[in-house]
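For the sequence shown, this note's numbering assigns the number 7 to the initial residue and increments by one for each residue that follows.
Quick reminder that beta carbons are idealized off the backbone N, C-alpha and C, glycines included.
Treat the numbers as computed from the prediction; the structure is a model and nothing was measured.
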Amino acid sequence: MGALSLFDLSGRRAVVTGGGSGLGAAMAQALGEAGAELVLVSRRRDVLEQTAGQLREKGIRAGHLAGDLADLDAIGGLCRTILERFGRADILVNAAGANFRLPLADTTPAQWNVQIAINLSAPFFMAQGLAPAMAQAGWGRIINLGSLQSYRAFPDSAPYGAAKCGILQLTRAIAREWSPRGVTCNAIAPGFFPTALTAPVFANPEAARRNAEQTCIGRNGLPDDIHGLAIFLASNASSYITGQSIPLDGGFTSK
């Protein structure tokens, strides 16, 4: 197999939760440009339709399925629908996220539960629903989305940080269970990227500037910055890497 062909995703099908916007959409585009057929999953059907349409205009095969990932009891049915409607899933990207940014003292049990469900429990149940078929086929890739908060605590973000820390151990656990059957699992831990989740940060130019200064590169992330790593972890090029979390933060966590 030639070096470039290691990154070719032609003939693969990728399910991307949170694929309608933000880093989920950026990762979906990258996988599609590398040849994968896409299934975008998110709560808002209108956003999914718009994003899938934009991807198809680029020549990328993209379908979509609306689903509420906070409804954990419904995820099993969602996975069955994906397999019945689209066929096999070779790649699962768990990119859906939620961060209410409330002080710890003001966070209600319901707000805690929703953030833990979307950020941590949904990736578990999506993997539970799709990885067995990958293992049966002998090949699969699962990519979870961590965060700077997988490693560092930030104010007004306790549920999100707890969930993203849990993603690291969940990634290791999935890797231990399914990697012997050809299904690798790794996590990407992005730094500060302009998305809906980080809008409050980027709305404050001074805060955005301070975050950029804490990186080694001297700037915050751009959507294109996640493309290469997403393709790598979804492809044959990463076949000997599993159970790892890779910071994509311009060196923020190295300082």
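Which same chain residues, not among the five before or five after residue i, have their C-beta less than 6 Å away from its C-beta?
| i | result |
| --- | --- |
| Arg49 | Asp74 |
| Ile66 | Gly38 |
| Glu43 | Arg19 and Arg67 |
| Met140 | Gly146 and Val189 |
| Ile237 | Phe13, Ala36 and Ala40 |
Quick one: give me the first and last residue of the alpha helix (DSSP H) that residue i is part of.
| i | result |
| --- | --- |
| Leu44 | Unbroken run through Leu44 is the beta strand (DSSP E), Glu43 to Ser48; no alpha helix (DSSP H). |
| Ile124 | Looking at the DSSP string, Ile124 is not in any alpha helix (DSSP H), and its letter there is neither H nor E. |
| Ala179 | Ala164 to Trp184 |
| Leu29 | Gly28 to Glu39 |
Which of the three DSSP states is assigned to residue i in this structure?
| i | result |
| --- | --- |
| Thr113 | coil |
| Pro138 | helix |
| Arg86 | helix |
| Thr248 | coil |
| Ala143 | helix |
| Arg187 | helix |
| Arg51 | helix |
| Ala243 | helix |
| Val159 | Val is not the amino acid found at residue 159; the sequence shown has Ala there. Here Ala159 sits in coil by DSSP. |
Please go through the same chain and pick out, in chain order, the residues whose beta-carbon is closer than 7 Å to the beta-carbon of residue i, but skip the five residues on each side of it.
| i | result |
| --- | --- |
| Gly26 | Leu46, Ser48, Arg50, Val53, Leu54 and Thr57 |
| Ala76 | Val120, Ala123 and Ile124 |
| Gln220 | Phe258 and Lys261 |
| Cys222 | Gly256, Gly257, Ser260 and Lys261 |
| Gly24 | Gly30, Ser48, Ala101, Ala102 and Gly103 |
| Met132 | Thr23, Ile81, Cys85, Leu98 and Asn100 |
Terminal residues of the continuous beta strand (DSSP E) containing residue i?
| i | result |
| --- | --- |
| Ala9 | Careful: Ala9 lies outside any beta strand (DSSP E) and carries neither H nor E. |
| Ser251 | Ser251 to Leu254 |
| Thr259 | That residue, Thr259, is in no beta strand (DSSP E); it is neither H nor E in DSSP. |
| Arg19 | Arg19 to Thr23 |
Can you list, in chain order, the residues of its chain whose CB lies under 8 Å from that of residue i, leaving out five sequence neighbours each side?
| i | result |
| --- | --- |
| Arg182 | Gly249 |
| Leu235 | Ile194, Ile252 and Leu254 |
Open item on the list: Which runs of the alpha helix (DSSP H) at least 4 residues long sit entirely within the segment 195-240? Give them in chain order.
Closed with: 205-208, 211-219 and 233-240
TODO: Determine contact between the segment 214-222 and the segment 166-177, defined as no fewer than three beta-carbon pairs at a distance below 8 Å.
DONE: no
Task: contact_flag[the segment 231-244, the segment 187-202] where n(CB pairs < 8 Å) is 3 or more - done: A contact is defined here as three or more CB-CB pairs under 8 Å, and the segment 231-244 meets this definition with respect to the segment 187-202.
TODO: Spell out a yes or no on whether the segment 104-119 and the segment 82-90 are touching, meaning 3 or more CB-CB pairs, one atom from each, closer than 8 Å.
DONE: No: the two stretches stay apart, fewer than three of their Cβ pairs being nearer than 8 Å.
Task: Within the segment 56-107, ranges of the beta strand (DSSP E) (whole runs, at least 3 residues) - done: 68-72 and 97-100
Task: contact_flag[the segment 94-114, the segment 150-159] where n(CB pairs < 8 Å) is 3 or more - done: yes
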